[in-house]
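Participant: Below you will find the structure I want to go over with you.
Numbering (the working numbering), first residue to last: 48 to 1203.
What follows is the structure in structure tokens.
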């Protein structure tokens, strides 16, 4: 006699829990095998090796058995014999996965048979957990076998592995025969599963039948949701503090997609039941809800096509096939609108819940069921969109995918509020836990105890479990919850309830749970409350996890870009990088090898999204800057000058027209009138948005998205969205600042410093508005970028404004003949120059422009520019020394014979220079030209220092005052041993006796010549300059007294003489610069006075110019005084020279007025 099976001895609950977990793990591994075999990059190399192509075809064709006597099989053996070990090593993981699947199938079949033998009665509203585990196991089993049949190399992999195994071990693998037969049997999985589930159909269909009431209540349209106010808290304000609960609490947040899978898979393998009205109605609703259901991750089953193909193979199912065609037509026609309406309703409902719970987080505890329902409903709609993104039929006559028809441009808003509700639950989990601990101990324990006492027929075994359960929840208290050392874990209690459901659902057990529905409902409610304490994270993941986006990455990126392009949705774009943190939830312990791949995808997508958001914000800022720059340019003097000129011309035309009575003047002008700055602010309606309004709106929305999440944690990596924005803004600001210079190397065109400064300030004003929307350190951006522009290279190794303007001014000083007007502190085009310039030098070199340049380049940049200028000066001094070396003997003689006019004239005529072609040229003209060039550069550098000093004095006046006081107290007299101090003063634009930049440049170019010899050359250089001043009296060089200038810039010679003398003699450190300057003055005075003895007076028509230059040399020198000059040169001659020049200037001005 066969002994009856006892449900309590079969451990049905435990097996269901374990097999469900293992089935999910095996499906994960099968899914990865399918993806790997379908990708050439990740596919095992043996499966794509051309040398094994014939062998693989033979193995697949002969699968599962290979006859070694066959010649083709022998060829296979020979081809794989050499690489058998590599094959076993590479394919062992794949083969063992197939073997594990076969073992799992056996365990599932055994458990299903036991459940049938125990005659379990499954009802989702009574024994919820048992029914859910059973239906999940069945559906996962069906999905697993369908996935197995979709693997292209499902025969090749085990066949190749077994062949290699047999070659190595002499016998085939013990599991291979059964494995091969299983693979062959499930070539058509639905047919095989239908045959397999014939004995299990009673239990399975009973479970599906219990879904009818729950499924119909869940599968409602948005209008019925709205009419029932299912997710609203404000409609019944008097019930705001009441606990949200029903008799079937676990079913309320049960996923609609999950129920669809249960119904469709179950009725597909038990298709005979479709004839019954209950199942027919469920079948119809499930098929009309969409076109596809999920097998696993992004693997979907196009259920209408699969069912139609399957039913076509069954005789007498023509009616079912016709119904399927009607269902698919209805799904295409209506389901899209139904789901669109649901998403529209959920957006409003989620926003309302989020605002209420954000304001009153204490309501989360009693209304947690409402939150879970909202999250579950939203997850269903998002998953529906993902499943149908690649399968929705395209409209007729339109090419491309059908995703454009079902895409939802406002989906990010719903995702945002969904994620925020999820985060609220996680943030205030302690509130939810405290509430339910008190609720369990204060109400549920008492209610369960009272109900158990009213039931007398509970067996002893079940009574003990119920009593322990009641005692455990009655002992809960808040103090234990607040104690960090004690962690609640009610998994054992829940497993006891699973066991009770398994026992009491069997017809062979003495106590039937279905006869005590209230007890079942109360226990389900208590288990739900327990989950709110220790299982809250898992429940939240179950209802709001969107890790499926990891496998729909293309769709994910498309939705992100649509959101970024939509002004109304761009503020919700922050939800996309946040969703990347969900990807960790799709991992399974049985497939650890996919962790790295999924982790990399999550990190890369999060980085991509944050980078794109920052780029879009940066682009909006740049566009806004362009608009503000145009407005700021309207306030520049050049624009004002145009307006004034246009107004004057218009007035002149009116007068001319009135005088001539021209009829044309009375015609109305059709050309648009130029508006004044500020006219753009006048508008008739605030609804008429200008481009700047739209840009600021877009900027506000994007900054909201960036600032909403200070940090996003993905796979233990922390992303800071604000830092992404800071980096992009800084990089773009750096490039834009350089581009503002508008430097053209071909035409040498460049922006004026004042206009560049205006553009930079405009950009800075735009960037400062960011601080109103997002918490970033804009000052740090300014400091980083603008300080980089003061160096010769930025952090990317690119040119900076300092480099560009230094190069441009050096080229301007070298190649363009510029005229220096000291009185106006500017450079102008020399009318005597034959070189045409494409710009007006005074627009770039006048004092305000140089002040603007100093503000742009700063102290570091001005130091760099000064160093480059002095490097050129040092080069000219080197050439001057060469002139001295070529005329050394003559200069030595002139140095000792300056009081002998005849001898001096004779030696003066011998001063020549030899060029590269060995031609003898006039050394005096060459020297004066180079000294003038030095003077021009020094004058320009002095103007730069004045501008820098004015800027520094304005910015840090106290520091400048301290430096000037230090200079007065420590650098007085003729002290030259103050080079380090001079560098400090030079950085602030304070003029010093010693030019530190020139001294450093001379030292850098100094050769290894003897010190004494170089000192003598320097002394002779000063002699050469002194005796050459007489040439100025003989040149066509007139001193313009009113402008304090010469046409050939001879007035720069005094600055050059003092700069050269101070630098050269400072290097030698002999403390005799005063003596050398007196010697220079004596030589120059003697030579100038000897000119009066010349017989040819016409050649000395500009001797007044030479006298004035001599006086200016004394004025510029810190080592010479007018007393010293008076002792060497009669000052009356200088006064007469000035008087003569001013009289000539007066005469010239009168003649110019008369001619005008």
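C-beta atoms are modelled at their ideal positions from N, C-alpha and C, and glycine is treated no differently.
1) Buried or exposed for residue 570, going by 16 or more other Cβ atoms inside 10 Å?
2) With C-beta atoms as the reference, is residue 275 less than 8 Å away from residue 310?
3) Following the continuous beta strand (DSSP E) through residue 340, name the residue where it begins and the one where it ends.
4) Could you check the C-alpha separation between residue 425 and residue 831 for me, to the nearest Å?
5) Would you call residue 709 buried or exposed, if buried means 16 or more other Cβ atoms sit within 10 Å of its Cβ?
6) So is residue 687 buried or exposed if we call it buried at 16+ other beta carbons inside 10 Å?
7) Measuring straight from C-alpha to C-alpha, what distance separates residue 952 and residue 1130?
8) Comparing alpha-carbon positions, which option in 1065, 1107, 995 lies nearest residue 1043?
9) In this structure, does DSSP put residue 445 in helix, strand or coil?
10) Within this structure, are the beta carbons of residue 180 and residue 256 separated by less than 8 Å?
11) For the alpha helix (DSSP H) that contains residue 871, what are its first and last residues?
12) Within 10 angstroms of its Cβ, does residue 1193 collect 16 or more other Cβ (buried), or is it exposed?
13) Is the separation between the beta-carbon of residue 979 and that of residue 876 shorter than 8 Å?
14) Once the 5 residues before and after residue 485 are set aside, which same chain residues still bring their CB inside 6 Å of it?
15) What is the DSSP secondary structure of residue 347, counted as helix, strand or coil?
16) Can you tell me whether residue 813 is helix, strand or coil according to DSSP?
17) Pull up the distance between the alpha-carbon of residue 1075 and that of residue 996, whole angstroms please.
18) Note down, in chain order, each residue of its chain lying with its Cβ closer than 8 Å to the Cβ of residue 339, except the 5 sequence neighbours on either side.
19) Check whether the region 452-469 and the region 384-404 touch, using three or more Cβ-Cβ pairs below 8 Å as the test.
20) Please classify residue 613: does DSSP put it in a helix, a strand, or coil?
21) Where DSSP assigns a beta bridge to residue 846, which residues make up the other side?
22) Helix, strand or coil for residue 30 per DSSP?
23) When DSSP labels each residue in this structure, what does residue 732 get in the three-state scheme?
24) Taking C-alpha atoms, which residue in 731, 431, 546 lies nearest to residue 599?
25) Flag this pair as yes or no: are the beta carbons of residue 1166 and residue 1132 separated by less than 8 Å?
26) Determine which residues share a DSSP beta bridge with residue 727 and list them.
27) Starting from residue 261, trace the beta strand (DSSP E) both ways and give me its first and last residue.
28) Taking contact to mean 3 or more Cβ pairs, one atom from each stretch, closer than 8 Å, check whether the region 228-244 and the region 295-311 are in contact.
29) Can the beta-carbon of residue 767 be found closer than 8 Å to that of residue 617?
30) Give the straight-line distance between the Cα atoms of residue 93 and residue 345, rounded to the nearest whole angstrom.
31) Go ahead and pull the three-state DSSP assignment for residue 278.
32) Just curious, the alpha helix (DSSP H) that residue 156 is in, first and last residue?
33) What's the call for residue 328, buried or exposed, on a 16-neighbour Cβ count within 10 Å?
34) On the criterion of 16 or more Cβ atoms from any shown chain inside 10 Å, does residue 382 qualify as buried, or is it exposed?
35) Write down every uninterrupted run of the beta strand (DSSP E) in the region 389-426 whose length is 3 residues or greater and which is fully enclosed by it, in chain order.
36) With DSSP as the reference, label residue 756 as helix, strand or coil.
Facilitator: The short version:
1) buried
2) no
3) 340-343
4) 45 Å
5) With a pLDDT of 45 at residue 709, under the threshold of 50, the modelled position of that residue is not reliable, and no figure is offered here.
6) exposed
7) 13 Å
8) 1107
9) Residue placement at residue 445 is poorly supported in this model, since its pLDDT is 49, which falls under 50; the coordinates still yield a value, given next. Looking at residue 445 - three-state DSSP - the assignment turns out to be coil, as it is neither helix nor strand.
10) no
11) Element bounds for residue 871: n/a, residue is neither H nor E.
12) exposed
13) no
14) none
15) strand
16) helix
17) 35 Å
18) 347, 348, 349, 350, 434, 435, 438
19) yes
20) coil
21) 840
22) Missing from the structure shown is residue 30; the chain here goes from 48 to 1203 and no further.
23) coil
24) 431
25) no
26) Its beta-bridge partners do not exist; DSSP assigns none.
27) Premise fails: residue 261 lies in the alpha helix (DSSP H), 258-265, not in any beta strand (DSSP E).
28) no
29) no
30) 27 Å
31) coil
32) 131-164
33) exposed
34) buried
35) none
36) coil
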